[in-house]
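Have a look at the structure below, then the notes.
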Amino acid sequence: EKILALSLFKNSPKGDKLLSKIFALPSTRTLRVLLQNIPFRAGINKAIFDSLEKAVAKMKTRQERMCILLFDEMAIQANLAYKRYNDKIIGLEDYGDEKRAVLSDHANVFMLRGIYRQWKQPIAFTFSKGPVRPINLKKMITNLIEHCQSIGLIVIATVCDQGSTNQTAIKILLDETKAHFLRNNLQRKYDGFFINKQEIVPLFDVPHLFKGIRNNLLNKQLIDHANVFMLRGIYRQWKQPIAFTFSKGPVRPINLKKMITNLIEHCQSIGLIVIATVCDQGSTNQTAIKILLDETKAHFLRNNLQRKYDGFFINKQEIVPLFDVPHLFKGIRNNLLNKQLMFQIDGKSKIAKWEHLEQFYQLDASIPSLRICSKLTDAHIVPSKINKMRVKNCTQVFSHSVGSLMKRIAQWDKNSLSPDAVDAADLILFLDQLFDSLNVLKSNKSQAKPLKHRVTIHSEHEVFWHNSLTILKKEGNGSNFEKLKVYTKRRFTSKLLVKLLVEENFRFILTGAFNQDPLENFFSYVRSHGLRNTNPDASHFISPFKTLVVNNYISSHSPNSNCEMDIKTECLDNLRTFLTNPKLYLIRVTDIKILLECRRYQK
Numbered sequence: 005e006k007i008l009a010l011s012l013f014k015n016s017p018k019g020d021k022l023l024s025k026i027f028a029l030p031s032t033r034t035l036r037v038l039l040q041n042i043p044f045r046a047g048i049n050k051a052i053f054d055s056l057e058k059a060v061a062k063m064k065t066r067q068e069r070m071c072i073l074l075f076d077e078m079a080i081q082a083n084l085a086y087k088r089y090n091d092k093i094i095g096l097e098d099y100g101d102e103k104r105a106v107l108s109d110h111a112n113v114f115m116l117r118g119i120y121r122q123w124k125q126p127i128a129f130t131f132s133k134g135p136v137r138p139i140n141l142k143k144m145i146t147n148l149i150e151h152c153q154s155i156g157l158i159v160i161a162t163v164c165d166q167g168s169t170n171q172t173a174i175k176i177l178l179d180e181t182k183a184h185f186l187r188n189n190l191q192r193k194y195d196g197f198f199i200n201k202q203e204i205v206p207l208f209d210v211p212h213l214f215k216g217i218r219n220n221l222l223n224k225q226l227i228d229h230a231n232v233f234m235l236r237g238i239y240r241q242w243k244q245p246i247a248f249t250f251s252k253g254p255v256r257p258i259n260l261k262k263m264i265t266n267l268i269e270h271c272q273s274i275g276l277i278v279i280a281t282v283c284d285q286g287s288t289n290q291t292a293i294k295i296l297l298d299e300t301k302a303h304f305l306r307n308n309l310q311r312k313y314d315g316f317f318i319n320k321q322e323i324v325p326l327f328d329v330p331h332l333f334k335g336i337r338n339n340l341l342n343k344q345l346m347f348q349i350d351g352k353s354k355i356a357k358w359e360h361l362e363q364f365y366q367l368d369a370s371i372p373s374l375r376i377c378s379k380l381t382d383a384h385i386v387p388s389k390i391n392k393m394r395v396k397n398c399t400q401v402f403s404h405s406v407g408s409l410m411k412r413i414a415q416w417d418k419n420s421l422s423p424d425a426v427d428a429a430d431l432i433l434f435l436d437q438l439f440d441s442l443n444v445l446k447s448n449k450s451q452a453k454p455l456k457h458r459v460t461i462h463s464e465h466e467v468f469w470h471n472s473l474t475i476l477k478k479e480g481n482g483s484n485f486e487k488l489k490v491y492t493k494r495r496f497t498s499k500l501l502v503k504l505l506v507e508e509n510f511r512f513i514l515t516g517a518f519n520q521d522p523l524e525n526f527f528s529y530v531r532s533h534g535l536r537n538t539n540p541d542a543s544h545f546i547s548p549f550k551t552l553v554v555n556n557y558i559s560s561h562s563p564n565s566n567c568e569m570d571i572k573t574e575c576l577d578n579l580r581t582f583l584t585n586p587k588l589y590l591i592r593v594t595d596i597k598i599l600l601e602c603r604r605y606q607k
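Residue numbering for the sequence shown follows this note's numbering, beginning at 5 and increasing consecutively.
Here it is, written out as structure tokens:
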């Protein structure tokens, strides 16, 4: 009852106040004391994993314990707050085991997500000034995966955006794995990184990839970003925020790499199998992933080992880094606004131009009462009016209805639409199929779109992805189109597909389980808790973070959200044991040192 009252209070304080006059509801002070009993602090919290271990022990099969580690960051308002109940300062850069006398502006969250049984579980967060440093992120990923492994979870991958910090952290993990294999003359079978002999595959979040492509066309002392890490199951559909950090600007690649490594190691330590990472293609994420990959590569070279996969290793577990699919497609759309895109279909070179889409839109809109593509608006087509953060607007343009009609008109009426528009139409039709195949959210089969069906060992997805590589291989299209090619090659094809469907006995795979929607929606919930706060500070970030975890994400999904509603998933562990077994968590020595540094700085 108190949990329900807490959810009501956080979603609408005014509504809670009104209902308290009608019903006997807990007081505001009671609810705040209740929330204080949850020992979620920045960094890795052993008490959280002790609670998770009980939930993992109830899982009956190995597949249920297999999961991926999601991590991402969100910008927060730089602010200092003193919590009297535990004598703690909130708002400084804080990684749990390391704290600095600078105000944080990023929260980094780590979440587990099941890949067989669909569950999710936030497990940690950190605060950083700017993007988390790659070495700190790498440490967090490693420690979290080790903790996950220790409680029985099997982390098989990490998922993050392609920020430079994430890429650097992943690169460090991969380089360390590579160096280890080289030193010990071991043969590499996969391309991920290892944590406790468990291979972790680093994946990038596809939606962020596409957003990054768009953002490529288009710098603070106080922290203004929150970086969040989340796990997501790929067999059982669950999700779990596991960590966050605060940073000033985007998290630093070395910190992000450290967080990825530590979190994956913690996940491995509790028995989770992280197989991939998913993130957007931010420069920090890309750098962190690159560090992990380079470390794995170096380890394999030193030990004269053969690499079979494209991931990095943490504790001998390969992690495949993936980009978020919707963000990848957004990026391609944004590159098309002022660049030509070259590709090949059936051996024929083609060039797609955005101006042909504008011509098609003007032709279709010329007679409003006879419009066929009625969903298209100026916000979809006119470059100056496009909302470059909206995935929905991008996918509605790259649709079968738009591509097929555009191709027919260009072939039938060359006076109304240039014949060259056929190339743009072919690209749209191809991207529509590719998006369907990489973002499968339901197991129901679609007769009209066979690629929008679950992936099995006998489905046509692998053949389509293999053929897609010849279309994507044309050079000169920019980094985001190249990332889409690398992503398509790395994701679900060849050995990774066989690993899940054959070695791990998956009956099918929902490719949509490898996107970052749970984390994006989690950010939306944080911003909408209580009063609408689109730019929370560090203190106001932690409170809704804990509330969302304990009430199993009871929050409304905004119709204007940047992501689709999640695949129906539950939280792996709501951590309510901390409400019934409160403990006193004292201020750490590092907090006192930081406070003294702040006072000296003020003088």
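C-beta: ideal position from N, C-alpha, C; glycine also.
Computed from a prediction, not measured in an experiment: that's the story for all the values here.
- By the Cβ test, the stretch 295-303 is in contact with the stretch 179-189, since at least three Cβ pairs between them sit closer than 8 Å.
- For Y99, there is no enclosing beta strand (DSSP E), since its DSSP letter is neither H nor E.
- When DSSP assignments are scanned along the stretch 336-392, the uninterrupted stretches of beta strand (DSSP E) that are 3 or more residues long and fall wholly within it turn out to be 345-349 and 352-356.
- If you draw a straight line from the Cα of G275 to the Cα of N289, it is about 26 Å long.
- In the three-state reduction of the DSSP assignment, S463 falls in the coil class, being assigned neither a helical nor a strand state.
- Residue pairing of S168 in beta bridges, as defined by DSSP: T288.
- When the Cα atoms are used, D101 and N140 turn out to be separated by approximately 10 Å.
- In the three-state DSSP reduction, R66 falls in the helix class (H, G or I).
- Within the stretch 181-213, not a single complete alpha helix (DSSP H) segment reaches 4 residues in length.
- Burial check for H470: the Cβ neighbour count within 10 Å stays below 16, so the residue is exposed.
- Between T291 and V163, the gap from beta carbon to beta carbon reaches 8 Å or more.
- Here DSSP, grouped into helix, strand and coil, assigns F402 to coil.
- In this model, H533 and C271 are separated by some 28 Å (Cα to Cα).
- In the displayed model, H457 falls within coil according to three-state DSSP, outside both helix and strand.
- Per DSSP, K252 lies in no beta strand (DSSP E) segment and is marked neither H nor E.
- Our two residues, D368 and V554, have alpha carbons roughly 50 Å apart in a direct line.
- Of the candidates P372, I376, N308 and F402, the residue whose Cα lies closest to the Cα of I385 is F402.
- About 4 Å separates the CB atoms of M115 and P245; that is less than 8 Å, so the two are in contact.
- With a cutoff of 8 Å on beta-carbon distance, Q451 and N319 are scored as not near each other.
- R337 and K379 have their C-alpha atoms roughly 17 Å apart.
- Cβ neighbours of I160 within its own chain (closer than 6 Å, five residues either side excluded): M70, I277, V278 and I279.
- The three-state reading of DSSP puts Q321 in strand, counting E and B together.
- Assignment of K87 by DSSP, reduced to helix, strand and coil, places it in the strand class.
- DSSP places Q310 in the coil class of the three-state scheme, outside both helix and strand.
- Residue pairing by DSSP puts R117 in a beta bridge opposite I72 and R236.
- Remark: fewer than three beta-carbon pairs, one from each stretch, lie closer than 8 Å, so the stretch 43-59 and the stretch 196-203 are not flagged as touching.
- In the three-state reduction of the DSSP assignment, D424 falls in the coil class, being assigned neither a helical nor a strand state.
- Residue pairing by DSSP places A247 opposite F114 and F233 in a beta bridge.
- The closest CA to that of S388, considering only L341, K133 and P30, is found on L341.
- Exposed is the label assigned to M393, since fewer than 16 other Cβ atoms lie within 10 Å of its Cβ.
- For the options R104, V395, F198 and K124, the alpha carbon positioned closest to that of E68 is the one of K124.
- As DSSP reads the structure, L56 sits in no beta bridge.
- The beta carbons of I72 and L235 sit closer together than 8 Å.
- Per DSSP, I93 is one residue of the beta strand (DSSP E) stretching across K92 to I94.
- By a beta-carbon distance limit of 8 Å, E97 does not contact F316. Their separation comes to about 26 Å.
- In the three-state reduction of the DSSP assignment, A452 falls in the coil class, being assigned neither a helical nor a strand state.
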